[in-house]
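Undergrad: One structure follows; several queries about it will come next.
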Amino acid sequence: MMSKRNLVIVVVLVLVVLVAGVLQYKANHANDYSVVYLSTGEVYVGKLSTFPDLQLKGGYILQVTKDPADETKTNFQVAQGK
């Protein structure tokens, strides 16, 4: 039979694993949007999940374009990702 000390250690470890699992689940199911900047200059906006792999769902591409009327200004266009 396990001693009280070993039982307490097992219970604490189980609780830590459960709390970590709940926190990871909540982080992956948040409704917040993330902005992803690529080294190529592309900007994507969408819902980012990190588990079990990195995914951007419902993504939109943010494109920077020059204003034809005034070259010193830039405009943004939003296109739905593929």
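Each position in the sequence shown, counted from 1, maps to that position plus 1278 in my numbering. Here a beta-carbon is modelled for each residue, glycine too, at the ideal position from N, C-alpha and C. Here the structure is a predicted model, which means the values were calculated and not measured.
#1: Taking Asn1309 as part of the beta strand (DSSP E), name the residues at either end of that continuous run.
#2: Do Tyr1315 and Gly1324 have their beta-carbon atoms positioned less than 8 Å apart in this structure?
#3: If you drop the 5 nearest sequence neighbours on each side, which residues of the same chain put their C-beta closer than 7 Å to that of Gln1355?
#4: Please give the ranges of any beta strand (DSSP E) in the region 1293–1345, keeping only runs that are unbroken, at least 3 residues long and fully inside the region.
TA: On the basis of the coordinates in this document:
#1: The continuous stretches of beta strand (DSSP E) do not include Asn1309, and DSSP gives it neither H nor E.
#2: Taking 8 Å as the cut-off, the Cβ atoms of Gly1324 and Tyr1315 do not count as close.
#3: Within its own chain, the residues whose Cβ lies closer than 7 Å to the Cβ of Gln1355, once the five positions on either side in sequence are excluded, are Gln1341 and Thr1343, listed in chain order.
#4: Taking only runs of at least 3 residues, the beta strand (DSSP E) segments lying wholly in the region 1293–1345 are 1312–1315, 1321–1327 and 1333–1344.
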